[in-house]
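Residue 454 in the numbering used here sits at position 3 of the sequence shown; the count goes up by one each step and never skips.
Ideal placement from N, C-alpha and C gives every residue a C-beta, glycine not left out.
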Amino acid sequence: RFWSLKDFEIGKPLGKGKFGRVYLAREAKSKFVVALKIIFKEQIEKHAMHHQLQREMEIQTSLRHPNVLRLYGWFHDEDRIFLILEYAHGGELYGELRKSGHFSEKQAATYILSLAQALAYCHEKHVIHRDIKPENLLIDHWGRLKIADFGWSVQSKSKRHTMCGTLDYLAPEMVENKAHDYAVDNWTLGILCYEFLYGVPPFEAETQRDTFKRIVKIDLCYPPIPHVSAEAKDLINKLLVKDSSKRLSLQNITEHTWIIKNADPSGICDK
Ligand SMILES: O=C(Cc1cc(-c2ccc3c(-c4nc5ccccc5[nH]4)n[nH]c3c2)n[nH]1)Nc1cccc(F)c1
452 RFWSLKDFEI
462 GKPLGKGKFG
472 RVYLAREAKS
482 KFVVALKIIF
492 KEQIEKHAMH
502 HQLQREMEIQ
512 TSLRHPNVLR
522 LYGWFHDEDR
532 IFLILEYAHG
542 GELYGELRKS
552 GHFSEKQAAT
562 YILSLAQALA
572 YCHEKHVIHR
582 DIKPENLLID
592 HWGRLKIADF
602 GWSVQSKSKR
612 HTMCGTLDYL
622 APEMVENKAH
632 DYAVDNWTLG
642 ILCYEFLYGV
652 PPFEAETQRD
662 TFKRIVKIDL
672 CYPPIPHVSA
682 EAKDLINKLL
692 VKDSSKRLSL
702 QNITEHTWII
712 KNADPSGICD
722 K
């Protein structure tokens, strides 16, 4: 099945993704709603990102998981590449977090469980995401979490050295530019768990330099408000560990008491 632009009716812009904009779109015959990402070839050429884009498309097409946003297919014309991506009706998880200030323990645990399951699946396929942050997390119309942006994921069997991602979510071994591996995603789950429960990432600081210092020191503190259970803090403390080999594994996360007690296994939790 080869697609072309005339198969789609283009709707409102959904956001600026990497190297291009994303639009709400509908396949004309089936009326199936998608997110159509338009990437300009000269952008890709300029940043010599051709192989990276190729790799991302291979990665995303091969991934099939309820919490990983689908890439249904793609097509191109003279100067643009079009990605046919799954449309997440609920928009960015970030929006939800900003609106409510912070999530309930049930909501936070449900999202962390979904993320752990999605990452375990990606790691099985030798994909390290390395750039999990709230902007890259979407929610579908059931409220189920979808990991969207594979902007910096790599097919990796060995350790990686290249820097990437915003600072708040970077593991110590990345800010210290040491070799890093799959465990960076486990660290990020600890950051996200804290942010889901408190509304801000744990090492936020005025300057990047101060954030660096707080990360490498694991300068972690838990404000008294909002009240957060000891089990939740126990999980965060077991993920935000400097020695990457001592971080809780994805499997252990799914078996942690806080997750067992609070997460909705279907990934859908009403508020
Ligand atoms: O670029 C992306 C990831 C990506 C996904 C998206 C994206 C952005 C927004 C949405 C949305 C969406 N739904 C909304 C509802 C309300 C408000 C905003 C919304 N955005 N659904 N699906 C999306 C998908 N942007 N960038 N992947 C990629 C890049 C290059 C190659 C490749 F194979 C994949």
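| Asked | Found |
| --- | --- |
| What do you reckon, are the CB atoms on residue 559 and residue 654 nearer than 8 Å? | no |
| If you draw a straight line from the C-alpha of residue 475 to the C-alpha of residue 692, how long is it? | 40 Å |
| Can you confirm whether the stretch 660 to 667 touches the stretch 706 to 722 when touching is taken to mean that 3 or more C-beta pairs between the two stretches lie within less than 8 Å? | no |
| What residue range does the alpha helix (DSSP H) around residue 706 cover? | 701 to 706 |
| Just the Cα atoms here: how many angstroms apart are residue 640 and residue 550? | 21 Å |
| Is residue 558 a contact residue of ligand 1, with contact defined as CB to any heavy atom under 7 Å? | no |
| Answer yes or no: the CB of residue 539 versus the heavy atoms of ligand 1, is any distance below 7 Å? | yes |
| Can you find the residues in the same chain that come closer than 7 Å, C-beta to C-beta, to residue 524, ignoring five residues on each side of it along the sequence? | 454 and 535 |
| Out of 636, 516, 626 and 564, state which residue places its alpha-carbon closest to the alpha-carbon of residue 584. | 636 |
| If we ignore side chains and look at the alpha-carbon of each, how far apart do residue 642 and residue 529 end up? | 42 Å |
| When every heavy atom of ligand 1 is checked, does at least one fall within less than 7 Å of the C-beta of residue 599? | yes |
| On the CB-based measure, 16 or more other CB atoms within 10 Å of its CB, does residue 658 come out buried or exposed? | exposed |
| If you reduce the DSSP assignment to three classes, tell me which class residue 476 lands in. | strand |
| Would you mind sorting residue 593 into buried or exposed? The rule is 16 or more other CB atoms within 10 Å of its CB. | exposed |
| Beta-carbon separation of residue 718 and residue 595 under 8 Å? | yes |
| Between residue 456 and residue 679, what straight-line distance do the alpha-carbon atoms span, to the nearest angstrom? | 49 Å |
| What are the start and end residues of the alpha helix (DSSP H) that includes residue 434? | Nothing about residue 434 can be reported from this structure: the residues present for the chain run from 452 to 722 only. |
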